[in-house]
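Below you'll find the structure, written out as structure tokens, and then a few comments.
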Amino acid sequence: MPSDFQAPAKNQTLSDILFEEKLITQEQYNDIKVKSAAQNLSEETLVSGIKTITEAQLAEAKAKMLNIPYIALEETSFSPQALEYISRAVAERFLLIPFMYDDKTKILSVAMSNPVDLDAISFVQQKTGLTIKTFAATPSEVTRAIDTQYRQEIVGEVGQAVKETEEFSKTKTVDSKDIAQIIKEAPVAKIVSTILEYAVNSRASDVHIEPQEDRVRVRYRIDGILYDRLSLPKSVQEALISRIKILSDMKIDEHRTPQDGRFNFRVDNNEVDLRISVLPTVFGEKIVMRLLRKSGGIPSLGELGLTGTSLKNLETAMLRPHGIIIVVGPTGSGKTTTLYSVLAKLNTTRVNIMTLEDPVEYQIAGINQVQINPAVGLTFADGLRSFLRQDPNIILVGEIRDNETTELAIQAALTGHLVFSTLHTSNAAGALPRLVDLGAERFLLASTMTAVLGQRIVRKICDNCKTSYTPLPQIVDEIKNVLGSLYPAEGVTKLYKGNGCDQCGSSGYLGRIGIFECLPVTDKITKLVLSNPDSSSIEREAIAEGMITMKQDGYLKVLQGITTVEEVLRVAQE
Ligand SMILES: [Zn+2]
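Under the working numbering, think of the first position of the sequence shown as 384, with each following residue one higher.
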């Protein structure tokens, strides 16, 4: 938010300001002065030809010249009340957008791409009956803001509810009894549900409701980034917070201590579990709602691309009450997502699941997740040691990377726990020798390991621009060699690729899927481990017993038109 109007301008021209701000050189400055005089061109025209000056810098300089405050709309949150005053059509016609409304002074703050457009200002003034305070903004930010703000139903819907709530609180002095009444009433309930629906529909992981000095800010964390989406008047703050506190079984009259709670919310077929935390701040109680999706959030193993024999082998190992299951692959191969799917599948009230992660990437309701913190002595090994005193059935250790963690994981499995972890080896067969390198006793390893899952992630062909083509004979031979008995009897005459379109950004790929191999630790594999295991002899045995390798799985997905040979070859090198 800009501060108040700046000191009166000193009759500076655009080039004076740009030069003062060191945005143009002395030569450029002289050049502009000479040309504007000689060719009778405006300084703005000449300046707009300078590529090093951004649109924002130019707009800011212009604002300074006109003595009008500048506003960066990308960093501004919009008040639904303000937006209600000006329709989208008017906003588009004059390239302006209202963003703030002060109820006391009746001042509507409007960002304009041309802040000295007097026609526009008087039009808006007459239409709204309000005092208009103008701000300068770049044309492209105004256009973008019109597009996002008016499109968001959240602003409109909440705006109406806010109006109703405000009308109610204006009619009488609100005391605590009235608050109890207000929060049951439709408008506040509507604000809360609209805020939550928007969170679910925009895939947000958290909603922050933050009381500030003069308003309440609502921010959403989407794909890890916080976005400012709503600005509510201070007058609805108490009713809003009380409503959320009631829903999450908290004490509404307690304002000084932090509180935690939870409740469920359903949008269409998505049931969302919400963890609520309330923390007193100087401007009121700040609320953070964490959304934990029960359906739709964590993909199933099938959705990840794990199917057939590999899925069956993994599920057999998962259903045993104890043992060690390791997922291997390089960084970014999707190991964590797979483990979350596994845990979500095993997560019932009858088991105690504990995880030690670095970092906790996704929260699953009902699972005790712990973030490791070596700074305070909470390493994988330390955490694992204390876990064993917490009566878990299932333990996830984010990664095994030292002797101590290896021994503790084996010990946990030997004492009746199901242990999941990850290792950095390129294929499933490599996990066993790697654990021996990390100090695992061979006979203990042989009696505790139940399965190893190897994986990579490949890009999926864009469905929108997918076409078939006739592959070169060398490619067909390669597929035939790798697939062996899995090669289709009818042969391969066509493969698929994406031609590139708008939806996939011309790449021909859209979305990703895993390719997997699951190595069950069978009696024969156990015997191999007890002798002197190297990964290739283990792999040979596993294939002989029917393991489908990652590359085979990848080529099967190529034949199904899910991905390309290039993709499988690319990730197989890792
Ligand atoms: Zn496409």
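Each residue gets a CB set at the ideal place from its N, CA and C atoms; glycine is no exception. These numbers were taken from a predicted model, which means no experiment stands behind them.
In this structure, the beta-carbon distance from Ser-693 to Cys-901 falls below 7 Å. With a threshold of 6 Å, the Cβ atom of Gly-881 counts as near ligand 1, since some heavy atom of the ligand is closer than that.
Cβ neighbours of Pro-903 within its own chain (closer than 6 Å, five residues either side excluded): Asn-696, Ala-834.
Here the alpha carbon of Asp-885 sits roughly 24 Å from the alpha carbon of Lys-940. Note on geometry: alpha-carbon atoms of Tyr-484 and Ser-614 lie some 10 Å from one another. Distance between Ala-795 and Tyr-745, taken at the CA atoms: about 24 Å.
In the DSSP assignment, Gln-794 falls within the unbroken alpha helix (DSSP H) covering 786-797.
Take the alpha-carbon of Gln-754 and the one of Ser-618: they are about 38 Å apart. Here the alpha carbon of Ser-492 sits roughly 6 Å from the alpha carbon of Phe-482.
Cα atoms of Pro-871 and Gln-943: separation of roughly 11 Å, rounded to the nearest angstrom. Beta-bridge analysis with DSSP links Cys-901 to Leu-836. Within the chosen limit of 6 Å, ligand 1 does not reach the beta carbon of Asn-756 with any heavy atom. Considering only Glu-668, Glu-654, Arg-649, the residue with the shortest C-alpha distance to Glu-637 is Glu-668.
Inclusion of Asn-847 in the 6 Å shell around ligand 1 follows from its C-beta lying nearer than that to a non-hydrogen atom of the ligand. Taking a cut-off of 8 Å for Cβ pairs, the stretch 812-823 and the stretch 909-916 touch, as three or more such pairs fall below it. CA-CA distance, Thr-850 to Ser-889, rounds to 14 Å. Where Asn-413 is concerned, there is no enclosing beta strand (DSSP E), although the alpha helix (DSSP H) around it starts and stops at 409-421. Contact between the stretch 577-584 and the stretch 642-654 is present: three or more C-beta pairs spanning the two stretches fall below 8 Å. Rounded to whole angstroms, Gln-464 and Gly-542 show a C-alpha spacing of 5 Å. The stretch 467-474 makes contact with the stretch 497-515, as at least three CB pairs between them are under 8 Å. Note that the C-beta distance between Asn-776 and Asn-735 is below 7 Å.
By the neighbour-count criterion, in which a residue is buried when 16 or more other Cβ atoms sit within 10 angstroms of its Cβ, Leu-630 is buried.
Look at Gln-935: its beta carbon is at least 6 Å from all of the heavy atoms in ligand 1. The C-beta of Tyr-533 has 16 or more other C-beta atoms within 10 Å across all chains shown, which makes the residue buried. Taken from the Cβ of Cys-901, every heavy atom of ligand 1 lies 6 Å or farther away.
For Thr-909, the closest C-alpha among the options Val-951, Lys-877, Glu-824 is that of Glu-824.
Lys-516 is bridged by DSSP to Ser-492. If you draw a 10 Å sphere on the C-beta of Thr-732, you find fewer than 16 other C-beta atoms in it, and that means exposed. Taking 6 Å as the cut-off, the C-beta of Gln-773 does not count as close to any heavy atom of ligand 1. Around the Cβ of Tyr-852, a 10 Å sphere holds fewer than 16 other Cβ atoms; the residue is exposed. Burial state of Lys-907 is exposed, judged by a 10 Å Cβ sphere holding fewer than 16 other Cβ atoms. Of the heavy atoms belonging to ligand 1, at least one sits nearer than 6 Å to the Cβ of Gln-886.
Within a 10 Å sphere around the beta-carbon of Thr-947 sit 16 or more other beta-carbons, which makes this residue buried.
The residue among Pro-452, Tyr-453, Thr-396 with its C-alpha nearest the C-alpha of Ser-425 is Thr-396.
Look at Lys-669 here: in three-state DSSP terms it is strand.
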